[in-house]
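In terms of the numbering used here, the sequence shown opens at residue 1 and continues consecutively. Heads up: the structure comes next, in structure tokens.
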Amino acid sequence: MKQAIIMAAGKGTRMQSELPKVMHKVCQKTMVEHLIDQSKLAGATRVVTVVGYGHEIIEEAMKDKTEFALQEPQLGTGHAVMQAKQCENEDGETLVINGDCPCLTSETLTSLTEVLKGNTKMVILTAVLEDPSAYGRVVRDENGYVTKIIEFKDCTEEEKKINEINTGIYAFDNKTLFSNLTDIQNKNAQSEYYITDLVEILNRKGIQVGAVQAMDNDEVAGVNDKVELAKANQTMQKRINEYWMKQGVTLINPDATYIGADVEIGKETTIYPNVTIEGKSSIGAGTTILPNSFLVNAKIGNKCTIDSSRISDSEVKDECTIGPFAHLRMHSVVDSKNRIGNFVEFKNTNFGYDSRCAHLTYIGDSDVGSKVNIGCGVVTVNYDGKNKFRTVIKDGAFIGSNVNLIAPVTVGENAVVAAGSTATKDVPAGDMAIARCRQENKPGYGTKYKNK
Ligand code: UD1
Ligand code: CA
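This is the structure:
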């Protein structure tokens, strides 16, 4: 059995935020969720997140993804692991992970457990840094085993010169971990229980502590403030963008393309600069997303073109052209082969196959059939100030320009609503509704008016 314990109880004072540190997002996904997902990818069948500061917020957000252990008060990383009592009696391996290293990958976690064998019952992920700053320093013996980790605040000037640091990511033999935790004491500069003290405790018992040096320092960088958060975003964005490019997605300028961690993109799709795709969005194959589009929880089909548009919680099926400057929101579904043009807003609307809505229009709370043509400047009047009502436009209907459809109203199959009409009644199938004043022409008045 493999378990993971994620230490996430600290406030993260240097973030200057009320939000618990691990709830800050990297590529639109919280740090803690990244680590939970990577732990599972590395084979952890049980993930326990140790929470304390702001625990309600983390518990609510992650309740479907992890178990929790409450640490109150927070007396250090060793004390944090002690709280994960539900893991105490398990056999097998346990990953222990600082909650503030969001870019960590499952491959690196796996490389740690591979070293856990024989008499090596703890393995530490280390990194060699040019500027080891405030990290804990790693001391090794002549065989490469770790004999000690010294916290920065407890370092002598000489020890501060060591440039191999502890990343705060470990693999343990679970029984060894829990049977030695209680030996940790808090006699140090911060009066905390350090998980890192286990190194000396195990060494005293003749148990070896191994180390794996990280291949990529950016992957293991801790996030303690907003500057480091931005760096983690860059690292993660680069990784995500390179992944999609290797899957056959064309990014015109990957440095200016923002793709969330949970987004899916099909082959031969091209994404222009200044595009942001967030949440559980998916983009089909052969689609083009032109600049300045912002997609959140958007499902886009194959061979579409999306131009400078905002799409949230909505779906666009295959071969549609959307925008420039369209706004589709709140569970709208646009069927295939549609053209939705400039300054068109859809809210909570189903728009049928091969229809058109090309300019300056608001369609809200509506069910529109297939082969419907919606003219320029059409408004579904769905709200009377108190309640919302639906508009139904059936297959083949033609809605002229500048029409108001006062909901609830139904326009039947192949019916026509003449331009400039304000329709307050249903229009039967095949009929034409004209609801506007008749025009009167006054001979010569135009010239007279201009010369006045
Ligand atoms: C820790 C390590 C240090 C290492 C560094 C890497 C210890 C004693 N030191 O130091 O060797 O170089 O990480 O980033 O472990 N946490 C709890 N409960 C607590 C204290 C911390 O859950 O009581 C959590 C925090 O929320 C955080 C993680 O543990 O996610 C690390 O805590 P932090 O205080 O940032 O540790 P460092 O001082 O950075
Ligand atoms: Ca830290």
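All C-beta atoms, glycine included, are put in the ideal place defined by N, C-alpha and C.
Judged by DSSP in its simplified three-state form, Ser332 adopts coil rather than helix or strand. Counting only runs that start and end inside the segment 163–227, the beta strand (DSSP E) elements of at least 3 residues fall at 164–173, 208–213.
Membership of Gly266 in any alpha helix (DSSP H) is not indicated, and neither H nor E is assigned to it by DSSP.
Taking Asn98 as the centre and dropping the five residues before and after it, the same chain places the C-beta of Met7, Gly168, Ile169, Gly222 closer than 7 Å to its C-beta, in chain order.
Rounded to whole angstroms, Val263 and Lys280 show a C-alpha spacing of 6 Å. Looking at the DSSP output, Asn342 shares a beta bridge with His359. Annotation for Lys337: no beta strand (DSSP E) segment contains it, and DSSP assigns it neither H nor E. Separation of the CB atoms of Ala84 and Val48 is rounded to 5 Å, and the pair is thereby assigned contact status at 8 Å. One alpha carbon belongs to Phe68, the other to Lys246, and they sit about 37 Å apart. Here the alpha carbons of Ile58 and Ser308 stand approximately 35 Å from one another. In this structure, the C-beta of Leu70 stays at least 7 Å away from each heavy atom of ligand 1. Residue state for Asn241 is assigned as helix, using DSSP reduced to three classes. Restricting attention to alpha helix (DSSP H) runs no shorter than 4 residues, the segment 102–133 encloses them at 106–113, ordered along the chain. In the DSSP annotation of this structure, the continuous segment of the alpha helix (DSSP H) that includes Ala80 starts and ends at 77–82. Taking 8 Å as the upper bound for CB-CB distance, Ser312 and Asn292 are not in contact here, some 15 Å apart.
If you draw a straight line from the Cα of Arg310 to the Cα of Ala419, it comes to about 28 Å. Secondary structure of Asn451 (DSSP, three-state): helix.
Closer than 7 Å to some heavy atom of ligand 1: that does not describe the Cβ of Val227.
In chain order, Met1, Asn174, Lys175 place their CB closer than 8 Å to the CB of Asp91, counting only its own chain and leaving out the 5 sequence neighbours on each side. Take the alpha-carbon of Gly206 and the one of Gly118: they are about 12 Å apart.
Using a cutoff of 7 Å, the CB of Asp183 does not count as near ligand 1, since none of the ligand's heavy atoms is closer than that. For the pair Asp255 and Tyr243, the Cα-to-Cα distance works out to about 14 Å.
Look at Ala407 here: in three-state DSSP terms it is coil, with no helix or strand label.
Gly369 sits close to Ala397, with the two beta carbons spaced by under 8 Å.
Cα atoms of Pro73 and Val123: separation of roughly 28 Å, rounded to the nearest angstrom. Taking a contact as a CB-CB distance under 8 Å, the pair Gly136 and Glu151 counts as one, their CB atoms being some 5 Å apart. The C-beta separation of Lys121 from Leu181 comes to about 13 Å, leaving the pair out of contact by the 8 Å criterion. When DSSP states are grouped into helix, strand and coil, His24 belongs to the coil group. Every beta strand (DSSP E) of 3 residues or more that sits fully in the segment 281–307 is shown, in chain order, as 294–300. Under the three-state reduction of DSSP, Val372 is assigned to coil, being neither helix nor strand. Residue side-chain check: Ile162 keeps its Cβ at 7 Å or more from all non-hydrogen atoms of ligand 1. Per DSSP, the beta bridge partners of Ala433 are Val417. Within the DSSP secondary-structure output, Phe325 pairs in no beta bridge. Taking C-alpha positions only, Ala429 is separated from Ala415 by approximately 5 Å.
In the structure shown, Glu67 adopts extended strand secondary structure according to DSSP, grouped into three states.
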